[in-house]
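Student: Numbering (this note's numbering), first residue to last: 48 to 273. We put the beta carbon where it would ideally sit given N, CA and C, even for glycine. Remember, predicted model here, so these are calculated numbers, not experimental data.
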């Protein structure tokens, strides 16, 4: 028991030292601040916050009611913090279509916690006509880049490639089968196609390395306007 406690203390001490260092750096450069510098320092502080929370795991069996109560408790705390420190608003210029896999954190994915992105979380990143229309509405409201993603170790992809799981989850498997056709359908929508041609819109496809969060561009068809 002593060894895990020692490791926890060591981890916390390391994070606290890093936090103090980042805070000191932020104060030292305040007189020569810039948007880019503020962005980098803010990102570093947020990353430290992630590292504080990441090692915390639930202990013992908890009922669904207990889990839900904890969600509400965390929300209440977060809301109180937001009341004290209101967020600024940014009109989104980017729309991300991302799988619902909890390992994909869109803030970490783009290194940006500003409200700068529309995010669609969909099983297997599979769009229906509803999501296509939602994306088109976002484009009409100012979005200039749409990012369509897949990711490594995707459960939806695994279902689609396993004959037994395909029988158990037929609609999910069919959705994955149709994913590329749906994306081509979105790019072919008259309004979207026109914006691609005149260069006022980019539609990108990327593959996410689930462990590192690195975006790997994938070639797509019909990318006029690039």
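If residue 189 sits next to residue 140, beta carbons under 8 Å apart, how far is it from one beta carbon to the other, in whole angstroms?
Tutor: 7 Å
Student: For residue 215, is the classification buried or exposed, using 16 other Cβ atoms within 10 angstroms of its Cβ as the cut-off for buried?
Tutor: Its Cβ having fewer than 16 others within 10 Å, residue 215 is exposed.
Student: If we count Cβ pairs, one from each stretch, closer than 8 Å, do we get three or more for the stretch 172 to 182 versus the stretch 151 to 164?
Tutor: no
Student: Using only alpha-carbon positions, find the residue among 248, 258, 116 and 120 that is nearest to residue 187.
Tutor: 248
Student: When you compare the CB positions of residue 144 and residue 153, do they come within less than 8 Å of one another, or not?
Tutor: no
Student: Alpha carbon to alpha carbon, how far is residue 212 from residue 206?
Tutor: 5 Å
Student: Report the rounded CA-to-CA distance for residue 256 versus residue 192, giving the unit in angstroms.
Tutor: For the pair residue 256 and residue 192, the Cα-to-Cα distance works out to about 21 Å.
Student: Apply the 10 Å Cβ neighbour rule to residue 100 and answer buried if 16 or more other Cβ atoms are within range, or exposed otherwise.
Tutor: Exposure of residue 100 is indicated by the presence of fewer than 16 other C-beta atoms within 10 angstroms of its C-beta.
Student: Along the chain, where does the beta strand (DSSP E) containing residue 221 start, and where does it finish?
Tutor: Residue 221 -> not in any beta strand (DSSP E); alpha helix (DSSP H) instead, spanning 217 to 224.
Student: Using CA coordinates, which residue listed in 183, 171, 250 and 221 is at the minimum distance from residue 199?
Tutor: 171
Student: Does the Cβ-Cβ distance between residue 265 and residue 253 come in under 8 Å?
Tutor: yes
Student: Suppose you measure from the CA of residue 97 to the CA of residue 201; what does that come to, to the nearest Å?
Tutor: 23 Å
Student: Taking C-beta to C-beta, are residue 230 and residue 195 nearer than 8 Å?
Tutor: yes
Student: Determine the extent of the beta strand (DSSP E) in which residue 194 is found, giving its start and end residues.
Tutor: 192 to 198
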